[in-house]
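Data first, discussion second: the structure below is written as structure tokens.
Residue numbers (mature numbering (1 follows the signal peptide of the UniProt record, and there is no 0)): -22 to -1, 1 to 385.
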């Protein structure tokens, strides 16, 4: 495998790159707005629920942008960033998303030089072709080279207490000339105020070869907070108890990597139940089977013999997220069709349901619940064009609403 290919796999982008040439085109990119009811087992806080309608009869328009149009402190700051090449619009791409109220919080990994902010928010009420990106929580937290700030956010997770957790890999320019700026960490912010709530240094739980890719946050019945982070390079999941500031590495059974190469993508997804018996699903992109473990075992450290094998995947799948309850969303490698699976049923084709198909030239990287409108949002982009450097003035990115158009 080439160095470039290894890098892409390390970033969790293999699913898109493998089909980049075939999917690249110059068609007109427009995304239709849509909507779809959801009934999640896991709800937002009470203040938000009071404003959420039981049903929505009108679709919510898509929110879209090209490259990255940021909200700057002033014009002179923007000019300084552009002149120093710290702001290159075509270097910006959104990969992960979480929704709170009328805002989408979006991760912009620093794959290439010229990404001024790696964590931003987007106004979902925006109408027009160019939504603006507001650094979250502020500009100073985006400073590259400052280890107290965010370097490259590769995943985000919004928990039940409205805290936004950001997984910072600490490595920038990963598609060009990778530079490790800082140790990997997780930073947690109050989504309403932007206040820093917690910072977790992961250096003691990682090694130089680690490839941290996905982040899950879960609460135990007694209120403890746990972080679950996939480390694809070491065949492990980092389990961190935020309450006690202690963690350990769960080394996965060798069967989990059956069919995998030296570099691969380790996906995570959390299925919730009303009784609190939550389940963490995981699988490598190239592995042959899907696995899970109850989070109760992870919290107590009693993991031996508790990894459950759900059976064959019948192809490489990309896990996109959940509805906040028991439904898991995924797509097959290179496919634009989004499938839904009820995790309370057997993992087989008869139980998959096609709920959405991405427009031409676009691929989905995240599905997330929007509790305010009781719908599911989907983040899509022309990532293959971005990888090949064929985006002109910038990559096309859009947040759509799933409406079960393919049922």
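Where a beta carbon is used, it is the ideal one built from N, C-alpha and C, also for glycine.
Can you find the residues in the same chain that come closer than 6 angstroms, C-beta to C-beta, to residue i, ignoring five residues on each side of it along the sequence?
{"i": "residue 91", "result": "151"}
{"i": "residue 46", "result": "67, 70 and 111"}
{"i": "residue 356", "result": "342, 345, 378 and 380"}
{"i": "residue 358", "result": "336, 340, 342 and 376"}
{"i": "residue 257", "result": "249, 270 and 272"}
{"i": "residue 75", "result": "82, 84, 344, 346 and 357"}
{"i": "residue 412", "result": "This structure cannot settle anything about residue 412, because the visible part of the chain is limited to -22 through 385."}
{"i": "residue 56", "result": "50"}
{"i": "residue 44", "result": "372 and 374"}
{"i": "residue 24", "result": "Bear in mind that the predicted position of residue 24 carries a pLDDT of just 40, short of 50, making it too unreliable to give a figure here."}
Cα separation between residue i and residue j?
{"i": "residue 101", "j": "residue 50", "result": "15 angstroms"}
{"i": "residue 143", "j": "residue 180", "result": "14 angstroms"}
{"i": "residue 245", "j": "residue 109", "result": "29 angstroms"}
{"i": "residue 210", "j": "residue 186", "result": "13 angstroms"}
{"i": "residue 199", "j": "residue 274", "result": "9 angstroms"}
{"i": "residue 373", "j": "residue 238", "result": "30 angstroms"}
{"i": "residue 163", "j": "residue 157", "result": "16 angstroms"}
{"i": "residue 77", "j": "residue 62", "result": "33 angstroms"}
{"i": "residue 368", "j": "residue 223", "result": "44 angstroms"}
{"i": "residue 148", "j": "residue 339", "result": "30 angstroms"}
{"i": "residue 255", "j": "residue 328", "result": "25 angstroms"}
{"i": "residue 212", "j": "residue 171", "result": "36 angstroms"}
{"i": "residue 117", "j": "residue 260", "result": "34 angstroms"}
{"i": "residue 370", "j": "residue 216", "result": "39 angstroms"}
{"i": "residue 324", "j": "residue 330", "result": "10 angstroms"}
{"i": "residue 173", "j": "residue 281", "result": "35 angstroms"}
{"i": "residue 94", "j": "residue 253", "result": "43 angstroms"}
{"i": "residue 6", "j": "residue 161", "result": "Any reading at residue 6 must be qualified, since the residue scores a pLDDT of 41, below 50, and its modelled position is unreliable; no value is offered."}
{"i": "residue 251", "j": "residue 319", "result": "15 angstroms"}
{"i": "residue 315", "j": "residue 54", "result": "44 angstroms"}
{"i": "residue 167", "j": "residue 48", "result": "20 angstroms"}
{"i": "residue 39", "j": "residue 334", "result": "16 angstroms"}
{"i": "residue 119", "j": "residue 326", "result": "44 angstroms"}
{"i": "residue 145", "j": "residue 52", "result": "29 angstroms"}
{"i": "residue -19", "j": "residue 177", "result": "For residue -19, the pLDDT reaches just 45, beneath the cut-off of 50, and the residue's location in the model is therefore unreliable, leaving the point undetermined."}
{"i": "residue 121", "j": "residue 59", "result": "12 angstroms"}
{"i": "residue 360", "j": "residue 130", "result": "20 angstroms"}
{"i": "residue 182", "j": "residue 221", "result": "17 angstroms"}
{"i": "residue 228", "j": "residue 188", "result": "14 angstroms"}
{"i": "residue 169", "j": "residue 153", "result": "30 angstroms"}
{"i": "residue 155", "j": "residue 308", "result": "31 angstroms"}
{"i": "residue 72", "j": "residue 352", "result": "23 angstroms"}
Quick one: measure Cβ to Cβ for residue i and residue j, integer angstroms, because I've assumed they're closer than 8 angstroms.
{"i": "residue 298", "j": "residue 342", "result": "6 angstroms"}
{"i": "residue 242", "j": "residue 263", "result": "6 angstroms"}
{"i": "residue 175", "j": "residue 141", "result": "6 angstroms"}
{"i": "residue 96", "j": "residue 105", "result": "With 8 angstroms as the limit, residue 96 and residue 105 do not qualify as a contact, their Cβ atoms being about 26 angstroms apart."}
{"i": "residue 192", "j": "residue 208", "result": "5 angstroms"}
{"i": "residue 123", "j": "residue 159", "result": "6 angstroms"}
{"i": "residue 165", "j": "residue 128", "result": "6 angstroms"}
{"i": "residue 114", "j": "residue 99", "result": "5 angstroms"}
{"i": "residue 317", "j": "residue 296", "result": "Between residue 296 and residue 317 the Cβ distance is about 10 angstroms, and since that is not below 8 angstroms, they are no contact."}
{"i": "residue 206", "j": "residue 138", "result": "About 15 angstroms; that fails the 8 angstroms criterion."}
{"i": "residue 278", "j": "residue 304", "result": "Not quite, the Cβ-Cβ distance comes to about 23 angstroms (not below 8 angstroms), so this is no contact."}
{"i": "residue 42", "j": "residue 125", "result": "Actually they do not touch by this definition, with Cβ atoms about 34 angstroms apart."}
Here's a check: name, in chain order, each residue in its chain whose Cβ is nearer than 7 angstroms to the Cβ of residue i, leaving out the five neighbours to either side.
{"i": "residue 219", "result": "202, 204 and 225"}
{"i": "residue 290", "result": "266 and 267"}
{"i": "residue 313", "result": "none"}
Could you pull out every residue in the same chain whose Cβ sits closer than 8 angstroms to the Cβ of residue i, ignoring the five residues on either side in sequence?
{"i": "residue 293", "result": "310 and 311"}
Worksheet item: Does the count of Cβ pairs from the stretch 222 to 236 and the stretch 262 to 282 closer than 8 angstroms reach three?
Response: By the Cβ test, the stretch 222 to 236 is in contact with the stretch 262 to 282, since at least three Cβ pairs between them sit closer than 8 angstroms.
Discussion item. For the structure I just gave you, are there three or more beta carbon pairs, one from the stretch 245 to 256 and one from the stretch 276 to 292, closer than 8 angstroms?
Written reply: Flag = no, the stretch 245 to 256 and the stretch 276 to 292 do not touch.
Fill in: Segment contact flag, the stretch 125 to 140 with the stretch 72 to 89, C-beta cutoff 8 angstroms, min 3 pairs
Taking a cut-off of 8 angstroms on C-beta distances, the stretch 125 to 140 touches the stretch 72 to 89, as three or more cross pairs fall below it.
Worksheet item: In the stretch 144 to 191, which residue ranges form an unbroken alpha helix (DSSP H) of at least 4 residues, counting only runs that do not cross its ends?
Response: Within the stretch 144 to 191, no complete alpha helix (DSSP H) run reaches 4 residues.
Discussion item. Please give the ranges of any beta strand (DSSP E) in the stretch 250 to 322, keeping only runs that are unbroken, at least 3 residues long and fully inside the region.
Written reply: Within the stretch 250 to 322, the beta strand (DSSP E) runs of at least 3 residues that lie entirely inside it are, in chain order, 257 to 262, 267 to 272, 286 to 290, 295 to 300, 305 to 310 and 315 to 320.
Fill in: Sequence ranges, beta strand (DSSP E) only - wholly within the stretch 29 to 80, length at least 3
For the stretch 29 to 80, whole beta strand (DSSP E) runs of length 3 or above, ordered along the chain, are 41 to 44 and 74 to 78.
Discussion item. For a minimum of 3 consecutive residues, which ranges assigned as the beta strand (DSSP E) are wholly contained in the stretch 219 to 253?
Written reply: Runs found: 224 to 229 and 244 to 249.
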